[in-house]
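Asker: Protein chains in written order, with full-length UniProt numbering: chain A, 1 to 343; chain B, 1 to 343. Take a look at this one; I'll ask things after.
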């Protein structure tokens with residue numbers, strides 16, 4: 001069972017004449033045989049609700065300062081043409097009643113609430129985004145997180161972890177960016193990938209004929225060994241510590257574990273400590289001329305990104321960095337990627 | 001004056017026990033000193049509205065088949081922390097009351113209704129999209145259309161014509177695609193640009209040292225003549241007809257006039273006729289080895305795109321075509337571009 005929720009809003013240059021506006025719309029609701037209730041708002045404008053057939057429900061608010069809002073809720077299986085006609089009638093009537101003072105009419109695409117497929121996946125800066133998702137391919141809780149694979153008409157399958165859009169089939173731009181945006185020569189190089197369990201980076205780096213790729217991630221890929229790669233089913237921290245002890249170095253370290261955490265209290269957040277630990281170890285195993293690549297976060301997460309950059313200034317080995325802003329198709333927000341190297 | 005509209009929805013594997021759910025929440029609304037009205041829905045679930053202080057308004061619906069929806073409307077200047085606390089309390093209480101049968105809890109980012117800056121600009125397939133727009137740079141009606149320039153934190157200035165996102169400062173990908181995606185050699189070539197009044201294509205093609213660019217658009221650019229370009233302040237149709245008569249040809253024709261119209265009745269739609277006329281004339285002025293570039297529409301507009309492709313089969317001169325799907329950052333949907341050439 002799902003609900004469609006329509007909104008129709010009029011911005012006005014002056015307060016609407018409330019009695020005439022209400023009277024003007026009443027005939028439309030009466031035609032629909034809707035039952036009206038007028039509510040006392042204690043001086044905060046006019047508020048009436050209308051209950052109709054088939055679970056239809058309308059809210060009419062004539063606000064005190066230049067705004068009229070209408071909500072219409074109906075069930076998914078309700079007659080779309082009838083609902084559109086009702087909204088058209090309300091819009092047209094209000095246009096007549098309020099003419100001269102209208103500065104904006106806004107009728108948003110209906111929100112689908114409680115739908116079988118959840119199409120709303122907000123950006124990191126909490127903007128409302130509706131995806132063209134048409135089916136749920138997979139939805140399970142692992143020991144660590146909720147894992148969803150959702151199919152989008154334009155982006156293909158999208159991996160969603162704990163409600164965050166992680167990567168879609170359309171997102172070669174992500175993999176390209178976290179590999180250095182095509183400016184690196186991987187041929188004959190030693191590469192370390194931290195995380196990257198979706199296999200995207202591995203698949204692309206392999207094509208560039210490196211000497212050896214070592215990857216640490218969960219036990220998820222079909223082949224753990226190839227001509228030029230090995231996958232260690234291990235937590236990356238002990239692996240990095242071992243490499244530091246052995247003095248082993250890599251030409252490229254690609255950290256695809258997690259985005260920069262969005263938190264205003266970095267000192268208190270264990271995620272930041274984890275991030276700093278891995279960063280410090282990664283730089284230690286980096287060849288003197290090596291490069292460390294990682295994702296940051298959404299470009300509007302300026303505070304989180306600044307905090308990350310502050311961390312880069314506090315590593316045991318001094319580093320320099322550049323950042324790049326990249327459009328990853330399925331993210332619907334621009335994303336920041338970092339390149340870090342030893343000074 | 002703007003309204004913030006919050007939604008909180010619970011999907012359930014079975015119908016909620018209505019009396020206990022309602023009773024469980026009532027104490028929260030009573031604490032808020034909200035006035036309750038229970039509405040008769042004629043068997044379509046439980047529906048109660050609650051009017052509170054400062055214009056706050058809540059709708060609680062316990063639907064008959066496994067769905068509970070809550071709406072909370074408050075004014076923009078209302079105390080955000082108080083509202084968040086109220087929603088947290090409702091969510092927590094419902095989690096307790098409904099535990100065991102909850103399949104999804106969805107709390108969307110609040111809709112801002114009637115806000116000074118309109119942040120909602122749907123995609124061509126009518127999906128709800130909230131942009132990070134922070135100010136209106138320009139908003140006027142011309143003789144032909146409404147013209148807005150809106151500033152986005154991440155996309156820079158966005159040109160919005162009659163409510164359609166046209167191009168943003170972030171969108172070099174658009175210009176790049178409609179020029180042939182970097183696969184063409186413009187040096188020494190004759191180029192005709194139809195439309196393109198924002199100047200983006202002209203600026204990029206000029207860099208590639210063509211012999212001459214002729215562009216037809218409105219009188220909007222600062223310079224109408226340059227070393228290798230001239231701008232004709234004319235409708236493109238008479239210009240094209242003149243070129244056909246003169247037998248003049250171009251190596252590249254770039255049509256940046258309009259997207260493929262979304263309409264199910266092409267025969268009856270004058271936009272389609274206009275489009276076919278321009279297409280036919282453009283191919284006529286195309287050099288035997290020339291290329292015609294144009295945008296299509298959003299990748300989900302499969303019907304409109306098919307109709308466009310059908311038009312390509314009906315031109316007076318037979319053509320072949322390819323299409324490419326491109327991510328234009330500010331569009332928040334993938335976009336189709338066409339390359340057309342004479343058979």
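Backbone N, C-alpha and C define an ideal beta-carbon position, used for all residues, glycine too. The structure presented is a predicted model; accordingly, all values stated were derived computationally and were not measured.
Please specify which runs of the beta strand (DSSP E), each continuous and at least 3 residues long, are wholly inside the stretch 258 to 300 of chain A, giving them in chain order.
Answerer: With a minimum length of 3 residues, the continuous beta strand (DSSP E) runs that stay inside the stretch 258 to 300 of chain A are 286 to 298.
Asker: With DSSP as the reference, please indicate the residues paired to residue 6(B) in a beta bridge.
Answerer: Its beta-bridge partners are 72(B).
Asker: If we define contact as Cβ-Cβ less than 8 Å, is residue 63(A) a contact residue for chain B?
Answerer: For residue 63(A), the answer is yes, since a Cβ of chain B falls inside 8 Å of its Cβ.
Asker: Using a C-beta to C-beta distance shorter than 9 Å, which residues of chain A count as neighbours of residue 77(B)?
Answerer: Neighbours of residue 77(B) on chain A: none; closest Cβ ~11 Å, over 9 Å.
Asker: Return the residue from the list 222(A), 187(A), 238(A) and 306(A) that minimises the CA-CA distance to residue 213(A).
Answerer: Comparing Cα positions, the closest option is 187(A).
Asker: Would a check of beta-carbon distances place residue 72(B) closer than 8 Å to chain A?
Answerer: Judged by the 8 Å Cβ criterion, residue 72(B) is not in contact with chain A.
Asker: In chain A, which residues lie less than 7 Å from residue 348(B) when you measure between Cβ atoms?
Answerer: In the structure as shown, chain B starts at 1 and stops at 343, and residue 348(B) therefore has no counterpart that could be examined.
Asker: Would residue 34(B) pass as an interface residue toward chain C - the criterion being a Cβ-Cβ separation below 8 Å?
Answerer: In summary, chain C is missing from the structure at hand, where the protein chains are A and B.
Asker: Could you tell me the boundaries of the alpha helix (DSSP H) in which residue 175(A) lies?
Answerer: Run containing residue 175(A): 172 to 178, per the alpha helix (DSSP H) assignment.
Asker: Are the beta-carbon atoms of residue 196(B) and residue 283(B) separated by less than 8 Å?
Answerer: Result no, Cβ atoms of residue 196(B) and residue 283(B) do not sit closer than 8 Å.
Asker: Keeping to the same chain, check which residues put their C-beta closer than 6 Å to that of residue 104(B); ignore five residues upstream and five downstream.
Answerer: Once the five neighbours on either side are set aside, the close Cβ partners of residue 104(B) are 11.
Asker: For a contact defined as C-beta to C-beta under 9 Å, what are the partners of residue 340(B) on chain A?
Answerer: Here the premise fails: no neighbours, minimum Cβ distance about 23 Å.
Asker: Against chain A, with Cβ distances strictly below 8 Å, would residue 132(B) count as a contact?
Answerer: Taking Cβ atoms only, chain A reaches closer than 8 Å to residue 132(B), which makes this a yes.
Asker: Take residue 132(A) and list the residues in its own chain whose beta-carbon comes closer than 7 Å to its own, dropping the five residues that flank it on each side.
Answerer: Cβ neighbours of residue 132(A) beyond the five flanking positions: 152, 153 and 154.
Asker: Are the C-beta atoms of residue 312(A) and some chain B residue less than 8 Å apart?
Answerer: It does not; no Cβ of chain B falls within 8 Å.
Asker: To the nearest angstrom, report how far apart residue 229(B) and residue 206(B) are at their CA atoms.
Answerer: About 8 Å.
Asker: Looking at residue 293(A): is its Cβ nearer than 8 Å to the Cβ of residue 180(A)?
Answerer: In contact: residue 293(A) and residue 180(A) (Cβ atoms closer than 8 Å).
Asker: In three-state terms, what does DSSP make of residue 344(A)?
Answerer: In this structure chain A extends from 1 to 343, so residue 344(A) is not present and cannot be described.
Asker: Nearest by alpha-carbon distance to residue 150(A): which of 288(A), 121(A), 175(A) and 143(A) is it?
Answerer: For the residues 288(A), 121(A), 175(A) and 143(A), the minimum Cα distance to residue 150(A) belongs to 121(A).
Asker: For the candidate residues 336(A), 28(A), 13(A) and 203(A), whose alpha-carbon lies nearest to that of residue 92(A)?
Answerer: Checked all of 336(A), 28(A), 13(A) and 203(A); the closest Cα to residue 92(A) is 28(A).
Asker: Counting only C-beta atoms, is residue 127(B) closer than 8 Å to chain A at any point?
Answerer: True, the Cβ-Cβ gap to chain A drops below 8 Å.
Asker: Return the bridge partner residues of residue 327(A) from the DSSP annotation.
Answerer: In the DSSP output, where bridge partners are listed per residue, residue 327(A) has 334(A).
Asker: For residue 243(B), which residues of its own chain have a beta-carbon under 6 Å away from its beta-carbon, when the five flanking residues on both sides are left out?
Answerer: Same-chain partners within the cutoff: 285.
Asker: Using a C-beta to C-beta distance shorter than 8 Å, which residues of chain B count as neighbours of residue 327(A)?
Answerer: Those within 8 Å of residue 327(A) in chain B are 170, 173, 327 and 329.
Asker: Counting only Cβ-Cβ distances shorter than 8 Å, please list the residues of the stretch 266 to 290 of chain A near chain B, keeping chain order.
Answerer: Under the 8 Å Cβ criterion, the stretch 266 to 290 of chain A contributes no residue.
Asker: Among 238(A), 307(A), 201(A) and 7(A), whose alpha-carbon lies nearest the alpha-carbon of residue 74(A)?
Answerer: Nearest of 238(A), 307(A), 201(A) and 7(A) to residue 74(A), Cα basis: 7(A).
Asker: Between which two residues does the beta strand (DSSP E) containing residue 81(A) stretch?
Answerer: Here residue 81(A) belongs to no beta strand (DSSP E); instead the alpha helix (DSSP H) covers 80 to 98.
Asker: Could you compute how far the alpha carbon of residue 345(A) sits from the alpha carbon of residue 238(A)?
Answerer: There is no way to answer for residue 345(A), as the model of chain A reaches only from 1 to 343.
Asker: Which value, in whole angstroms, describes the spacing of the CA atoms of residue 113(A) and residue 31(B)?
Answerer: Roughly 27 Å between the two C-alpha positions.
Asker: Which residue or residues does DSSP assign as beta-bridge partners of residue 11(B)?
Answerer: 67(B) and 104(B), per the DSSP bridge assignment.
Asker: Buried or exposed, going by whether 16 or more other CB atoms sit within 10 Å of the CB of residue 322(A)?
Answerer: So residue 322(A) counts as exposed.
Asker: Using the C-alpha atoms, what's the distance from residue 333(A) back to residue 170(B)?
Answerer: Computed Cα separation, rounded: 12 Å.
Asker: I believe residue 202(A) touches residue 257(A) by the beta-carbon criterion, under 8 Å. Please report the beta-carbon distance rounded to the nearest angstrom.
Answerer: Not really, about 14 Å apart at Cβ, beyond 8 Å.
Asker: If you drop the 5 nearest sequence neighbours on each side, which residues of the same chain put their C-beta closer than 8 Å to that of residue 157(B)?
Answerer: Cβ within range, chain order: 137, 149, 150, 151, 168 and 169.
Asker: Just by C-beta distance, which residues in the stretch 97 to 108 of chain B are closer than 7 Å to chain A?
Answerer: Listed in sequence order: 104, 106 and 108.
Asker: Under a three-way DSSP split, which group does residue 229(A) fall into?
Answerer: Residue state, collapsed to three classes: strand.
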